[in-house]
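So the sequences go chain by chain: A and B.
First residue of the first sequence: 1, per the numbering used here; consecutive thereafter.
First residue of the second sequence: 1001, per the numbering used here; consecutive thereafter.
Notes follow once the structure below has been shown.
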Amino acid sequence: MTLRLENLGKEFAAGRPVLADLDVTIASGEFVCVVGASGSGKSTLLSLIAGLIPPTTGRILLDGEEVTGPGPERGLVFQTASLYPWRSVARNVAFGLEALRLPRARRQERVGRLLEEVGLAHLAGALPGRLSGGQQQRVAIARALACSPRVLLLDEPFGALDVQTKEDMQLFIRQVWQDVPTTVIMVTHDVEEAVFLGRRVLVLSCDPGRIARDLAVDLPAERALTEKRSPEFLAMRAEVEDLVRAEHRAHQARV
Amino acid sequence: MTGVPARAGAPTRQAADPGAHADVDAGAHVNADRGAHVSADVSAGGRPWSGVRPGRRIRLLNSGVSARVAWVLRALSVLVPLAAWQALSASGLVNPTFLPSPAAVWAAGNAMAASGDLWSDLAASLGRIGLGFALAVLISVPLGFTMGALPWAQALLEPMIGLLRYLPASAFIPLLIIWLGIGEASKVALLVLGVVFFNTLMTADVVRQVPRRLLEVSATLGAGRLRVASRVVFPYALPGMIDAMRVNAAAAWNFVVVAELIAATSGLGYRITRAQRFLQTDRIFAILVLIGLIGLAIDVLLRLLRTRIGRWAG
Ligand SMILES: Nc1ncnc2c1ncn2[C@@H]1O[C@H](COP(=O)(O)OP(=O)(O)OP(=O)(O)O)[C@@H](O)[C@H]1O
Ligand SMILES: [Mg+2]
């Protein structure tokens, strides 16, 4: 899998680009975190990659093929779970498989395995309304993974969770990424989260959103939560925070 | 669990004043309290909220009632008007021709039931609402669904339907009779006319409520437009669509009776006009009660359906 953004730009109103001149290549199996101030176009970027909105300039290539619309090879998870409230957890996860017309037995087996992976097998029959926020996000992630996406797009998936649940979920998504062969692009405005999870961090500037910095995180691939207190981690985190803050300041100065 | 702890005041004051619920001395209490705090406030740099009565229990606006109380209230809502009616007719203040007693109405109802007229009229009215409402739903639900789901359909249809909705259906009765005669067709048509526009617009509204995120996620899960419409929008909107039907079923039932009042040879409305000719107000009352009860039954049935289908939304 290779995802290429070529000269990508987006304007909602003519002459006011939200994103401009994005040239990025993301290789198979990467875990990329995108950070940037509010309004820098992070969600817009994910919507573009997901194919939900068309770019104004440039194009997006997934394995050489231009993205022209949404599809199951690019899974998407939002900050709030957007589950189907009338479907049980298992049937939520099965939604994409139904569209793929997989035979029922294969489908059930796959749903069962995914629920194991996200640790929700015991809640297979529950309705989403009964679940906690963290559990709902797990269902949403399992649902996206069901279609074996080549790239998983996460838009502040843990932004609405409390600190403890958030840390659990960070370890969880890292585990999923290691178990399932998929590439992850995760938007967050939590710099600590970005440095902890990402193998690579993209910092977006504001107005228009451009890649202000493309940083490789050279911390050990196996990161425990205690890593967040190591000097290397803290240094990296400070660097990214300074970048985001500088971009934010520059933006404030312009408006 | 309905009480929300008062946020006003310092915790110590709240704890020190367990008797704040006794409203009898509340006035004196507040004054004394305020007086005691004025000087303190000044020295403490001022606490503007310190005059709030401590320990006051704040209750949620929608705090629930127990099942028992609810049933008592329900019984009262029927029994009080009934008792007032009985009292008024027993007092002799009103001519019984205008206001027959409950007993007389009951007797008249029984007499009509025994003769079989009431049942054939009821069957006629129910047949009309069944057919007419089914037709109205069959037209309005697909139309409203399309309008709610597709912006171009909305732009195309909403102005006209929004306008037609404001034309009183009853005003179409003369036209309908000219077009369709005084048979079944004109009555069913009136009912359809009276319901279809409202139900279309209400259905469209419900369909538009489906969160955009849900539609987007569904697309990324490989669902095409038809699949999203049938597997996402429809189930999401179904409880709301049943609610809309419930509201409009009441209107439909009204239109049946109206249609029968004007030109019919059967039905509950027709039975009322017959009774009017002979000044049988007791019969009119009996039929009105029956109409109300049937309406209530329709409402309860649709409510049960909605509860069953919309359990997830509960
Ligand atoms: N559909 C739209 N129509 C018009 N403008 C839009 C639309 N979506 C986003 N924008 C604008 O694009 C800019 C970037 O929005 P976006 O949601 O991508 O920011 P973000 O980086 O995700 O912010 P946040 O961190 O607050 O989620 C904002 O100024 C927003 O107003
Ligand atoms: Mg966003």
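Quick reminder that beta carbons are idealized off the backbone N, C-alpha and C, glycines included.
The alpha helix (DSSP H) that contains residue i, what's its start and end?
i          : result
A/Met-246  : In the sequence as presented, Met is not what sits at residue 246 of chain A; that position holds Ala. 231 to 254 is the span of the alpha helix (DSSP H), which, as asked, contains A/Ala-246.
B/Pro-1174 : 1173 to 1180
A/Thr-165  : 163 to 179
A/Gly-302  : Past the edges of chain A, shown from 1 to 255, lies residue 302 of chain A, and the structure says nothing about it.
A/Leu-45   : 42 to 50
B/Asp-1243 : 1234 to 1262
B/Glu-1216 : 1212 to 1220
B/Phe-1098 : Unbroken run through B/Phe-1098: none, as it is neither H nor E.
A/Arg-4    : Premise fails: A/Arg-4 lies in the beta strand (DSSP E), 2 to 13, not in any alpha helix (DSSP H).
A/Leu-115  : 104 to 117
B/Val-1228 : 1225 to 1228
Which term fits residue i, buried or exposed, when burial requires 16 or more other beta carbons within 10 angstroms of its beta carbon?
i          : result
A/Glu-232  : exposed
B/Leu-1118 : buried
B/Met-1245 : buried
B/Leu-1215 : buried
A/Tyr-84   : buried
B/Trp-1253 : buried
A/Arg-107  : buried
A/Phe-196  : buried
B/Thr-1203 : buried
B/Gly-1019 : For B/Gly-1019, the pLDDT reaches just 39, beneath the cut-off of 50, and the residue's location in the model is therefore unreliable, although a value from the coordinates is still provided. Exposed, since its Cβ has fewer than 16 Cβ neighbours within 10 Å.
B/Trp-1071 : exposed
A/Arg-143  : buried
B/Val-1256 : buried
A/Val-255  : exposed
A/Phe-158  : buried
B/Val-1241 : For the record, residue 1241 of chain B in the displayed sequence is Met; it is not Val. B/Met-1241 comes out buried.
B/Trp-1179 : exposed
B/Leu-1079 : exposed
A/Glu-65   : exposed
A/Arg-249  : exposed
B/Ala-1219 : buried
B/Thr-989  : With chain B represented from 1001 up to 1314, any question about residue 989 of chain B goes unanswered, as that position is not in the structure.
A/Leu-45   : buried
A/Ser-82   : buried
A/Pro-149  : buried
A/Asp-179  : exposed
B/Gly-1132 : buried
A/Trp-177  : buried
A/Gln-175  : exposed
B/Gly-982  : As displayed, chain B neither begins before 1001 nor continues past 1314, which places residue 982 of chain B out of reach and without an answer.
With respect to 6 Å, is the separation between the Cβ of residue i and the closest non-hydrogen atom of ligand 2 below this value?
i          : result
A/Ser-148  : no
B/Ser-1230 : no
A/Lys-10   : no
A/Lys-42   : yes
If I follow the unbroken beta strand (DSSP E) through residue i, where does it start and stop?
i          : result
A/Val-77   : 74 to 77
B/Ala-1123 : Segment 1117 to 1149 is the alpha helix (DSSP H) holding B/Ala-1123; no beta strand (DSSP E) there.
A/Ala-144  : Counting along the chain, A/Ala-144 falls outside any beta strand (DSSP E), though it belongs to the alpha helix (DSSP H) covering 133 to 146.
B/Lys-1187 : Element bounds for B/Lys-1187: not the beta strand (DSSP E) but the alpha helix (DSSP H), 1184 to 1208.
B/Phe-1278 : Unbroken run through B/Phe-1278: none, as it is neither H nor E.
A/Pro-17   : 16 to 27
B/Val-1078 : Note, B/Val-1078: premise wrong, no beta strand (DSSP E); alpha helix (DSSP H) at 1067 to 1090.
A/Ala-212  : 211 to 216
A/Val-187  : 183 to 187
A/Leu-202  : 200 to 204
May I ask whether a heavy atom of ligand 1 can be found less than 6 Å away from the beta carbon of residue i?
i         : result
A/His-189 : yes
A/Ser-230 : no
A/Gly-39  : yes
A/Val-18  : yes
Quick one: which chain E residues come within Cβ less than 9 Å of residue i?
i          : result
B/Ala-1313 : Here chain E cannot be found, since the structure's protein chains are A and B.
- Message: Check whether the segment 169 to 185 of chain A and the segment 229 to 244 of chain A touch, using three or more Cβ-Cβ pairs below 8 Å as the test.
- Response: no
- Below 7 Å between beta carbons is the criterion; list the residues of the segment 41 to 62 of chain A that meet it against any residue of chain B, in chain order. Ala-50, Leu-52
- Message: To be precise: take each residue of the segment 113 to 137 of chain A, compare its Cβ to all Cβ atoms of chain B, and keep it if any distance is under 9 Å. Which residues remain?
- Response: Leu-127, Pro-128, Gly-129
- Which residues, taken in chain order from the segment 172 to 185 of chain A, show a beta carbon closer than 8 Å to some beta carbon of chain B? none
- In the segment 1147 to 1168 of chain B, which residues sit with their C-beta less than 8 Å from some C-beta in chain A, listed in chain order? none
- Contact between the segment 1270 to 1284 of chain B and the segment 51 to 58 of chain A (3+ Cβ pairs under 8 Å): no
- Query: Along the segment 1186 to 1204 of chain B, what residues have a CB closer than 8 Å to any CB found in chain A?
  - Reply: none
- Using a Cβ cut-off of 7 Å, which residues of the segment 93 to 113 of chain A contact any Cβ in chain B, in chain order? Phe-95, Gly-96, Ala-99, Leu-100
- Task: Please confirm if the segment 145 to 158 of chain A is in contact with the segment 202 to 209 of chain A, defined as three or more CB-CB distances below 8 Å between the two stretches.
- Result: no
- Message: At a CB distance below 9 Å, what residues from the segment 147 to 159 of chain A approach chain B? Give them in sequence order.
- Response: Cys-147, Pro-149, Leu-153
- Residues in the segment 1205 to 1218 of chain B with C-beta within 8 Å of chain A's C-beta atoms, listed in sequence order? Pro-1211, Arg-1213, Leu-1214, Glu-1216, Val-1217, Ser-1218
- Query: At a cut of 8 Å, does the segment 1193 to 1210 of chain B reach the segment 1148 to 1163 of chain B through at least three beta carbon pairs?
  - Reply: yes
- Message: Please list, in chain order, the residues of the segment 67 to 82 of chain A that have any C-beta partner in chain B closer than 7 Å.
- Response: Pro-70, Gly-71, Pro-72, Arg-74, Gly-75, Leu-76, Phe-78, Ser-82
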